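The opening position of the first sequence corresponds to residue 30 in this note's numbering, with each subsequent residue numbered one higher. The C-beta atom is built at its ideal place from N, Cα and C for all residues, glycine as well. Since the structure is predicted, the reported quantities are computational estimates derived from the model, not experimental observations.
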Amino acid sequence: MPVVSIQDVGQYDGQEVTLRGWLYNLRESGKLLFPIFRDGTGTIQGVVSLKDQPAAFEALRGLTQESSVIVTGRIHADKRAPGGFEIQITAIEVVQRVPDETPYPIQLKEHGVDFLLDRRHLWIRTPRQAAILRIRAQAVRAAHEYMDSQGYILTEAPIFTPAACEGTTTLFEVQYIDDQKAYLTQSGQLYVEATAMALGKVYTFGPTFRAEKSKTRRHLTEFWMLEPEAAYAHLEDMMVLGEGLVSHIVQSVVKNRPRELETVGRDVTKLANVKAPFPRITYDEAVKILQERGNSAKWGDDFGGDEETILSSTYDRPVMVHRYPTALKAFYMQPDALRPELALGFDMLAPEGYGEIIGGGERIADYDLLVKRLRESNLPEEAFGWYLDLRRYGSVPHAGFGLGLERTVAWICGTEHIREVIPFPRMLYRVYP
RNA sequence: UGGGGCGUGGUCCAACCGGUAGGACACCGCACUGUUAAUGCGGAUGGUGUAGGUUCGAAUCCUACCGCCCCAGCCA
Numbered sequence: 030m031p032v033v034s035i036q037d038v039g040q041y042d043g044q045e046v047t048l049r050g051w052l053y054n055l056r057e058s059g060k061l062l063f064p065i066f067r068d069g070t071g072t073i074q075g076v077v078s079l080k081d082q083p084a085a086f087e088a089l090r091g092l093t094q095e096s097s098v099i100v101t102g103r104i105h106a107d108k109r110a111p112g113g114f115e116i117q118i119t120a121i122e123v124v125q126r127v128p129d130e131t132p133y134p135i136q137l138k139e140h141g142v143d144f145l146l147d148r149r150h151l152w153i154r155t156p157r158q159a160a161i162l163r164i165r166a167q168a169v170r171a172a173h174e175y176m177d178s179q180g181y182i183l184t185e186a187p188i189f190t191p192a193a194c195e196g197t198t199t200l201f202e203v204q205y206i207d208d209q210k211a212y213l214t215q216s217g218q219l220y221v222e223a224t225a226m227a228l229g230k231v232y233t234f235g236p237t238f239r240a241e242k243s244k245t246r247r248h249l250t251e252f253w254m255l256e257p258e259a260a261y262a263h264l265e266d267m268m269v270l271g272e273g274l275v276s277h278i279v280q281s282v283v284k285n286r287p288r289e290l291e292t293v294g295r296d297v298t299k300l301a302n303v304k305a306p307f308p309r310i311t312y313d314e315a316v317k318i319l320q321e322r323g324n325s326a327k328w329g330d331d332f333g334g335d336e337e338t339i340l341s342s343t344y345d346r347p348v349m350v351h352r353y354p355t356a357l358k359a360f361y362m363q364p365d366a367l368r369p370e371l372a373l374g375f376d377m378l379a380p381e382g383y384g385e386i387i388g389g390g391e392r393i394a395d396y397d398l399l400v401k402r403l404r405e406s407n408l409p410e411e412a413f414g415w416y417l418d419l420r421r422y423g424s425v426p427h428a429g430f431g432l433g434l435e436r437t438v439a440w441i442c443g444t445e446h447i448r449e450v451i452p453f454p455r456m457l458y459r460v461y462p
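What follows is the structure in structure tokens.
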């Protein structure tokens, strides 16, 4: 008897199989029971009658939601069944029955956000949440595929770091051994610059932490970032890499996770156009577009949520805005040789108001300029000694960017809030469960 | 941190100008051989975030605190 996953039952039409999973819901109609089982790969309706299978009927009748079960029966296509296939149950083994006095708390009806987040460890069992996490996994896999195909080597950055890379106000401080202090990384960028000088083209993928007091649908205090960095690369190279990477991620999810996209209710036609090349506009042009649309943006302003939404809603795919004023960007950003008031950086804005999914650009290669910028930013020079070494020993032009995984997945899934796209979201005022 | 909103049975909500806190779902029982968050009938349990104040009387009005949501800033 083959043990199969629910996602594969279509290949077993007419055959008897065993499924291992949980009871998701149970409907009754007279001497018929219609249980719905889930196993993490999908859901399937079962059917059992008292007359034909009295033992299985009795075992299933009154069974509590989320009890774990091993089900044996014949798969057959039936238009009346949700999903097109159902299993005609011949035997059922209850692995653990959820006690009647402590029923499963998450019902099929609506719940509030706080209630669900307090039970996130159970909420992820619901089909929509499971589908989102499967899409996330596919996005990660596609990202690795693409970086590998472009000759980039995965190198890991440390999570304990001695200092900030963009300023100290948003760092989580931790006590290290004895009286030492360390901080949780807010970006692997400085380290990936070092490994780029060692290996040429590299990227890092890992968790990053920001103690920002941000309470919006686009922020987490712990999120995952993919950061490529390449020696001898320039701004243009990174914009090409960024659009190629995002195109590949989106198209891979569309191709390999159609069922999950349907489960989350995503309009897939909006993802179909997401193919390189993406539109590019300069910061100057962006300001002009905003002013034409009646926005009050002036040259020198950074863009907020409203501005990003106006810009991104102009296009059917992500848009890249490049050459921002130097004053708006991090200390390590290379100024444009032709217009030093502009930095050779770019942001990629996702459509439909999902905001910035990529930020990056060319780094300062010159030792003296980097020291000057460090001092202007009031950063502790001694903590950056190793970083300055990179400009002392064979410094070359180099560039990179950071891709926010959760924002990218939230956009692909069309979720209202970023908290749904990571298994256990860490937010301002929430570290449980 | 600022602005706005909200805290009522296990869950989701209602209760107008202060006057007996109610419904749906969930749960239990019965009926039903094709249900689609099944349906119909019946039943039991159980609640006003916390602390004060005003009042004959507070879920409702006032004050403080606690918690949550949304928006803004910052960012990915």
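Can you list, in chain order, the residues of its chain whose CB lies under 6 Å from that of residue i, leaving out five sequence neighbours each side?
| i | result |
| --- | --- |
| ASN302 | ASP345, ARG346 |
| LEU274 | TYR175 |
| PHE307 | GLU272, ARG346, PRO347, MET349 |
| THR437 | ILE386 |
| LEU434 | TRP253 |
| MET13 | No answer is possible for residue 13: the residues shown for the chain start at 30 and end at 462. |
In the DSSP assignment, what residue or residues form a beta bridge with residue i?
| i | result |
| --- | --- |
| ASP376 | VAL350, GLY388 |
| LYS230 | ALA259 |
| GLY431 | GLY388 |
| ASP50 | It is worth fixing the name first, because residue 50 is Gly in this sequence and not Asp. Answer is VAL98. |
| THR190 | TYR212 |
| ALA120 | THR101 |
| GLU45 | ARG103 |
| LEU371 | PRO354 |
| ARG459 | MET456 |
Could you have a look at residue i and say whether DSSP puts it in helix, strand or coil?
| i | result |
| --- | --- |
| MET30 | coil |
| GLU202 | strand |
| LEU364 | The displayed chain sequence assigns Pro, not Leu, to residue 364. DSSP places PRO364 in strand when its eight states are reduced to three. |
| GLY217 | coil |
| GLN179 | coil |
| GLN209 | coil |
| THR311 | strand |
| PHE114 | strand |
| VAL125 | Strictly speaking, residue 125 in this sequence is Gln, with Val absent from that position. Strand. |
| ARG322 | coil |
| ARG288 | helix |
| HIS173 | helix |
| GLY133 | Note that residue 133 is Tyr in the sequence shown, not Gly. DSSP places TYR133 in coil when its eight states are reduced to three. |
| PRO409 | coil |
| TYR383 | coil |
| PHE514 | Because residue 514 is not part of the residues shown, which for the chain are 30 to 462, the question remains open. |
| ASP296 | coil |
| ARG154 | coil |
| TYR422 | coil |
| LYS108 | coil |
| HIS277 | helix |
| ARG402 | helix |
Take residue i and list the residues in its own chain whose beta-carbon comes closer than 8 Å to its own, dropping the five residues that flank it on each side.
| i | result |
| --- | --- |
| GLY43 | ARG103, ILE104, HIS105 |
| SER281 | GLN167, ALA168, ARG170, ALA171, GLU174 |
| ASP365 | ARG352, LEU371, ALA372, LEU373 |
| GLY423 | MET226 |
| LYS25 | The structure shown does not extend to residue 25, since the chain is modelled only from 30 through 462, so no value can be given for it. |
| VAL293 | ARG157, ALA160, ILE161, ILE164, CYS442, GLY443, THR444 |
| PHE86 | LYS60, LEU62, VAL77, SER78, LEU79 |
| PRO409 | ALA192 |
| ARG126 | LEU92, THR93, SER96 |
| ILE278 | ALA168, ALA171, ALA172, TYR175, THR437, ILE441 |
Going along the chain, which residues of its own chain have a beta-carbon closer than 7 Å to the beta-carbon of residue i, five neighbours each way excluded?
| i | result |
| --- | --- |
| SER276 | VAL303, LYS304, ALA305 |
| GLN82 | ILE118, THR119 |
| ALA211 | PHE189, THR190, PRO191, VAL203, TYR205 |
| GLU130 | none |
| ILE469 | Residue 469 is absent from the model: the chain starts at 30 and stops at 462. |
| THR338 | GLY382 |
Say yes only if the C-beta of residue i is nearer than 7 Å to one or more non-hydrogen atoms of the ligand NAD, and no if none qualify.
| i | result |
| --- | --- |
| GLU241 | Within the structure as shown, the ligand NAD is missing, as the structure has no ligands at all. |
Does the structure place the segment 300 to 317 close enough to the segment 343 to 355 that three or more beta carbon pairs sit under 8 Å? The segment 343 to 355, when compared against the segment 300 to 317, does touch it at the 8 Å Cβ threshold.
Mind pulling the alpha helix (DSSP H) runs of 4 or more residues that sit fully within the segment 233 to 271? none
The segment 444 to 459 in contact with the segment 236 to 252 per 3-pair CB rule at 8 Å: yes
To test your reading of the DSSP string, which unbroken beta strand (DSSP E) runs of 3 or more residues are found completely within the segment 52 to 106? 61 to 67, 72 to 78, 97 to 106
Can at least three beta-carbon pairs, one atom from the segment 85 to 96 and one from the segment 46 to 63, be found at a separation below 8 Å? yes
Assess contact between the segment 372 to 387 and the segment 424 to 443, defined as three or more Cβ pairs (one per stretch) separated by less than 8 Å. Is contact present? yes
Are the segment 283 to 298 and the segment 156 to 164 touching by the rule of at least three beta carbon pairs closer than 8 Å? Short answer: they touch.
Are the segment 33 to 42 and the segment 63 to 72 in contact at 8 Å, needing three or more beta carbon pairs? Yes, they touch.
For the segment 183 to 194 against the segment 207 to 223, do three or more pairs of beta-carbon atoms, one drawn from each stretch, fall closer than 8 Å, so that the two count as touching? yes
At a cut of 8 Å, does the segment 72 to 89 reach the segment 129 to 148 through at least three beta carbon pairs? no
Do the segment 411 to 429 and the segment 390 to 397 make contact, defined as three or more Cβ pairs closer than 8 Å? yes
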